[in-house]
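Peer 1: Sharing a structure with you now.
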Amino acid sequence: MEIWPQIIVNGLLLGGVYALSALAFSLEWGILNIVNLAHGSFIMLGAYLTWMLLTSPLHLDPLLSIPIDFAVLAVLGFLMQRYLLNRVMRGQFFLTLLLTFGIDYVLVNIGILLWTADPRAVITSYSATSLAIGALTIPYTRVAVLAAALVMTVALARFMHHTRMGRAINATGMDLDAASLMGVRLPIVFALTMGLGCGLAGVAGALYSVNFPFSPQIGGGLTLRAFVVTCLGGLGNVYGPLLGGLVLGMVESVASVVIGSGAVDAAAFIMLVFILALRPRGLGGRVTA
Amino acid sequence: MRLTLGSIAAAVALVLLVTIGFQGTASPQDVSHTIRLGAAISNTGSLAAAGKLTTDGYDFAVDWINAHGGVKINGVAYKLAPIKYYDDESKPAQSAALIEKLVTQDHISLILGPYSSDNTIAAAAISSKLGAVMMADEGVAKVIWTSGNKNVIGPIMYDYQYMYPIVDALLAKQSGIKTAVMMHADDSFSVGVAEGAVAYMKNKGIRVLGDFQYPAATTDVSSLVAQIKPLNADVLMSSGHIEDAILITRQAKQNGLNFKALAFTVAPPTPDYVKALGKDAEYVIGPSPWLPQVNYTDPYFGNTQQFVAGFKAKRGYIPDYHVGDAAEGVELLVEAIAKSNSTDPAKVGAAFLNTTFATIAGFVHFDNNWHEDNQLGAAVQIQNGAPVPIWPQKYLANLKFPMPSWAQR
Amino acid sequence: MLRVALPVGFGIAVLATPLVASGYPLREATTILMYMALALSWNLIGGLCGYPSVGNVAFFGIGAYVTAALVAHLHWTLLPALGASALAALAFAAVIGPIVLRLNGHYFAIATLGTAQALGQIVIMVPWVGGPNGIILRVPIGDTDVYYLMAAVLGLALLITHVILRGSWGYACRMIRQDEHAAAACGVNATYYKTACWGLSAIVAALVGSVYAVWITFVNPPSVFDPLYSLTMVVLTLVGGAGTLWGPVVGAFLVEIVDQYLWANLLTAHTLFLGVVIVVIVLFLPRGVWPYLTGQQGLSWRSLFEGTRRLRV
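Protein chains in written order, with my numbering: chain B, 4 to 292; chain L, 30 to 438; chain E, 592 to 904.
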């Protein structure tokens, strides 16, 4: 059928969205061992920040708001880690899960109080434009998301492996105490890592806002997707989310034609369970304890 | 394991919290000539946006009625107390709980129903069992009225009838529509609407080329769009909620998916839809159980236009059908109270059977199962950023058909 | 002596409640019992064995649906339907168990979550159980009967947990939780024990689901396969104290009481305050409320602040 090229393209572009929204989640989980249930809500905050900047007298273009989103959310994440999550970092894994669960509730409710539950959208002159090649349509804003996912993944990889701070962060992920013995100041590094993660979530939010309608309650679904993508791609690998995201996007897009859109979610989850059953560390994950 | 002083203190504190915290407002009805109404709203959860429109309608109606003489019972004027709201969190179990709280603890037996069919199903069962009256003005699944529930009032048409006005309008326009595609979310309301719409279209000789179901909370429909595009249907009918409608419209534009007519449930008449889409919302059609353009006389607002003008002045936007239906619900309850000269739920409920009331939606006749049987619904089309009526027949000239392609705008 | 007094006292309080409460307070009490039982169900696999399932709602949903379908479509009576629901959930657990129990920690969590989500989506597509419309069922049973039914399920959950904890089974689970490889090296048949816990967890959750169906009279996919139930079970148990007998009970009681109070009194901000309460509890009572109450954390104001000192980075 002639729709297959479009389906493939859709899959890649969708994969870009998934990869972008999972990058921060994977970082926080891989390095800090924190499953951040508030992750989706940070993306939501990024989207609203972009929207507010656009609708304010500044009329700031969403793409220009990306650095601001990054900065604001990075600060928020830094503070959250420094003063809340750091207090229980040596405890069992569930504690941070619970903490982020509570924080998520707070963020969503604050969102509803500030902005109401009405769905919003960011509209710009280019938000619905596409490149048309024959019967194929490739929306520009989706390409931007895929590009951002690629760029940020590569940038993160370089940061983690070729900068002092990045290596410090990596080290804490491998062995807390050894890193501390090597002179890494754990509280600060952790806070910076979470700050980085939340900043990335903010960027994801900015790009999300240009592509999809949003409301304060989108967080749950986004966190769930990020969770799936991270497990699919495997922890401990910066390229994991990209891999997982693209695979998931492609599977969903194809499944939508083959088995019908109503069953896509089910198919995606079943696929995930089977992949994990056969390869428990995900597609790209390193073997960790 | 030791039982410590701390635990005993904690236990005492908890007992205190429980006993104090759960004092319901135990005053009965009719204290100092006030009538107390209760309502479920969806403050959180996926239906919150439409829920807000509903509460705006309820509150406005209560304030207006109080300001214009209140409700007369046996010649004495009664005021409506501020509505007691509880959040149903968009969950049936919570809807049921709040009905029980209203009736058994707050002693309020006149209740304005939850938004959404699923929540109404659970709530109606409890309400009926407890002998309360529930005005189900935002829940429209037929099963609510075929399950043996009593005193559940249904002033709005059933879900499967929702899209009929749109089909009627398109056919009456002699538009030459031959093919259609349906897509719908997988919640019970959307499915009900879709089933009804597809059957109706087939009945009227329109070929339905496909009926696509998508998960209700979906964030991407690009693959569906890709599958629908080669079908080259004349019309796309989509039943879902506000966020889906925004998403689908955007992705239709992004992927160059064009139709002669594009119709969604719920969203087009709401302010959110136009605000989110701007120019892209133009020409989109939607069903509207109530229209702010009609003008019927009724005993509490004078006539519909006075209601509309008053609402716009107070809340700053023209009421859509959610607001209108909500206000209509309050009005109907109040009319039944006045007619039965009582706030006793059994009498108020009985006052609806086989009776006609005049409301801002015109005359509403109820059958012997507390459901309307004369509402035909209307449809609107977005033109210049506002919903314009295109059906019933007298508005048909407003319909702009066909919708220009995305590229041409 | 306290070992006897506590369960007896609790039992009396639970059984006597319908004598003093009816209508809405009785409904609240039933809700609290429901969450206690659900928390205990999660505790069996997550607290005792350390396998953090985030998909126990699957069993709850199966229980609810099987009961609803049997009662509404095939006109079964209540108790046989409950039994069938438990068996159905056990069967599902038996099929899924071998696949997911091989995964550790995080991956187990996502696999269980994925399974529950998939199941919820699949049920929407099955017309015989009502598809998206769900099932409405009417059982001639009063509020008090529902309450006692829920109490019976809770009692069963407590009994199961107690029996496990007091014997070598409980030791085995604790070993598995701490280090499964070491446990296996010591000759503990980890597969057997964790599978058994997984099965029991399924049965309890399914029974709760069955009673829920009879109580609310309406089941549909979004309400009985809601992932929030899974998460809530985890939260309640952790707040109360995972791996203990009374921890989940206390946690469920505490959080539900606070939640009910906030819901009834704060229309627009109740989840915000609930979130704050959860954050506060984690920061001050990191092992849960029950260990604090029983002095394991050290009873005093100071211990509240010191609670996380060793956990800090």
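Idealized CB from N, CA, C, for every residue including glycine.
Would you say aspartate 736 of chain E faces chain L, with C-beta separation under 9 Å as the test?
Peer 2: It does not; no Cβ of chain L falls within 9 Å.
Peer 1: Note down the Cα distance separating lysine 81 of chain L from alanine 181 of chain B, rounded to an integer number of angstroms.
Peer 2: Cα-Cα distance, rounded: 54 Å.
Peer 1: Just the C-alpha distance for asparagine 39 of chain B and isoleucine 221 of chain B, rounded to the nearest angstrom, thanks.
Peer 2: Between asparagine 39 of chain B and isoleucine 221 of chain B, the C-alpha separation is close to 15 Å.
Peer 1: For the alpha helix (DSSP H) containing methionine 274 of chain B, name the first residue and the last one.
Peer 2: 267-281 is the span of the alpha helix (DSSP H), which, as asked, contains methionine 274 of chain B.
Peer 1: Buried or exposed: which applies to alanine 96 of chain L, given that a residue is buried once 16 or more other Cβ atoms fall within 10 Å of its Cβ?
Peer 2: Exposed.
Peer 1: So if I threshold CB-CB distances at 7 Å, which residues from the region 247-281 of chain B count as touching chain E?
Peer 2: Against chain E - using a Cβ distance shorter than 7 Å - the residues of the region 247-281 of chain B are Gly265, Ala266, Asp268, Ala269, Phe272, Ile273, Leu275, Val276, Leu279 and Ala280.
Peer 1: What residue does the beta strand (DSSP E) around lysine 108 of chain L start on, and which one ends it?
Peer 2: From DSSP, the beta strand (DSSP E) with lysine 108 of chain L extends over 105-109.
Peer 1: Can you list the residues of chain E that valine 91 of chain B reaches, using a CB-CB cut of under 8 Å?
Peer 2: Val873, Leu874, Pro877, Thr899, Leu902 and Arg903, listed in chain order.
Peer 1: Determine the direct distance from the alpha carbon of threonine 808 of chain E to that of valine 257 of chain B, and round the result to whole angstroms.
Peer 2: The straight-line gap from Cα to Cα measures roughly 38 Å.
Peer 1: Report yes if the C-beta distance between cysteine 234 of chain B and leucine 184 of chain B is below 9 Å; otherwise report no.
Peer 2: The answer is no: Cβ separation not under 9 Å.
Peer 1: Tell me whether glutamate 360 of chain L sits in a helix, a strand or coil according to DSSP, three-state version.
Peer 2: Helix, per DSSP.
Peer 1: Can you check whether the C-beta of tryptophan 118 of chain B is within less than 9 Å of a C-beta belonging to chain E?
Peer 2: No, tryptophan 118 of chain B does not count as interfacial toward chain E.
Peer 1: So proline 70 of chain B is in the alpha helix (DSSP H); what residue range does that whole segment cover?
Peer 2: Note, proline 70 of chain B: alpha helix (DSSP H), 65-86.
Peer 1: Residue ranges of each alpha helix (DSSP H) run of no fewer than 4 residues wholly in the region 79-143 of chain L, ordered along the chain?
Peer 2: You should have 121-129.
Peer 1: In whole angstroms, give me the CA-to-CA distance for threonine 828 of chain E and valine 840 of chain E.
Peer 2: Spanning the two alpha carbons is a distance of roughly 8 Å.
Peer 1: May I ask you to check if the CB of aspartate 188 of chain L is nearer than 8 Å to at least one heavy atom of the ligand MG?
Peer 2: This structure lacks the ligand MG, and indeed carries no ligand of any kind.
Peer 1: Tryptophan 719 of chain E CB to nearest chain L CB: under 9 Å?
Peer 2: Judged by the 9 Å Cβ criterion, tryptophan 719 of chain E is not in contact with chain L.
Peer 1: So valine 714 of chain E packs on alanine 702 of chain E, CB below 8 Å; how close in whole Å?
Peer 2: Actually they are not in contact, since the Cβ atoms of valine 714 of chain E and alanine 702 of chain E sit about 19 Å apart, beyond 8 Å.
Peer 1: Classify glycine 778 of chain E: buried if its beta carbon has 16 or more other beta carbons within 10 angstroms, exposed otherwise.
Peer 2: Burial call: exposed.
Peer 1: Could you work out which residues of chain E lie near phenylalanine 28 of chain B, taking near to mean beta carbons separated by less than 7 Å?
Peer 2: Near phenylalanine 28 of chain B there are no residues of chain E at all, since even the closest Cβ is about 12 Å away, more than 7 Å.
Peer 1: How would you write the range of the beta strand (DSSP E) that glycine 285 of chain L sits in, first residue to last?
Peer 2: First-last for glycine 285 of chain L: undefined, no H or E at that position.
Peer 1: Using a Cβ-Cβ distance cut-off of 9 Å, determine whether valine 231 of chain B contacts chain E.
Peer 2: Interface residue, yes.
Peer 1: Looking at the strands, I want to know which residues DSSP matches up with phenylalanine 293 of chain L.
Peer 2: In DSSP, phenylalanine 293 of chain L forms a bridge with L/Ser267.
Peer 1: At a Cβ threshold of 9 Å, is leucine 225 of chain B touching chain D?
Peer 2: Absence of chain D from the displayed structure is noted, the protein chains being B, L and E.
Peer 1: Under 9 Å, Cβ to Cβ, is there at least one residue of chain L near aspartate 121 of chain B?
Peer 2: Closer than 9 Å: yes.
Peer 1: State buried or exposed for leucine 405 of chain L, treating a residue as buried only when at least 16 other CB atoms are found within 10 Å of its CB.
Peer 2: Result: exposed.
Peer 1: So, at 6 Å on beta carbons, what are the nonlocal neighbours of proline 194 of chain L in its own chain, with the 5 sequence-adjacent residues on each side left out?
Peer 2: Counting only Cβ-Cβ distances below 6 Å, and skipping sequence neighbours, we find Pro316, Gly406, Ala407, Ala408 and Trp420.
Peer 1: What does alanine 860 of chain E reach in chain B if we use C-beta pairs closer than 8 Å?
Peer 2: Chain B residues near alanine 860 of chain E: Asn112 and Leu116.
Peer 1: Within the 9 Å Cβ cut-off, does tyrosine 115 of chain L reach chain E?
Peer 2: At least one chain E Cβ lies under 9 Å of tyrosine 115 of chain L.
Peer 1: So that I know if they touch, is there some Cβ in chain E lying closer than 9 Å to that of glutamate 129 of chain L?
Peer 2: So yes, glutamate 129 of chain L belongs to the interface.
Peer 1: Residue range of the alpha helix (DSSP H) that isoleucine 257 of chain L falls in?
Peer 2: From DSSP, the alpha helix (DSSP H) with isoleucine 257 of chain L extends over 251-257.
Peer 1: Quick check on arginine 90 of chain B: does DSSP put it in helix, strand or coil?
Peer 2: Note: arginine 90 of chain B maps to helix in three-state DSSP.
Peer 1: Go ahead and pull the three-state DSSP assignment for aspartate 166 of chain L.
Peer 2: Coil.
Peer 1: Output the boundary residues of the beta strand (DSSP E) element that contains proline 416 of chain L.
Peer 2: 415-420 is the span of the beta strand (DSSP E), which, as asked, contains proline 416 of chain L.
Peer 1: Tell me whether threonine 54 of chain L is buried or exposed, calling it buried when 16 or more other Cβ atoms sit within 10 Å of its Cβ.
Peer 2: Because threonine 54 of chain L sits at a pLDDT of 45, beneath the cut-off of 50, its placement in the model cannot be relied upon, and the point is left open.
Peer 1: Could you tell me if alanine 292 of chain B is buried or exposed, where buried requires 16 or more neighbouring beta carbons within 10 angstroms of its beta carbon?
Peer 2: Reliability of the predicted coordinates at alanine 292 of chain B is poor, the pLDDT of 42 falling under 50, and the value obtained from them is presented with this limitation in mind. Alanine 292 of chain B should be labelled exposed.
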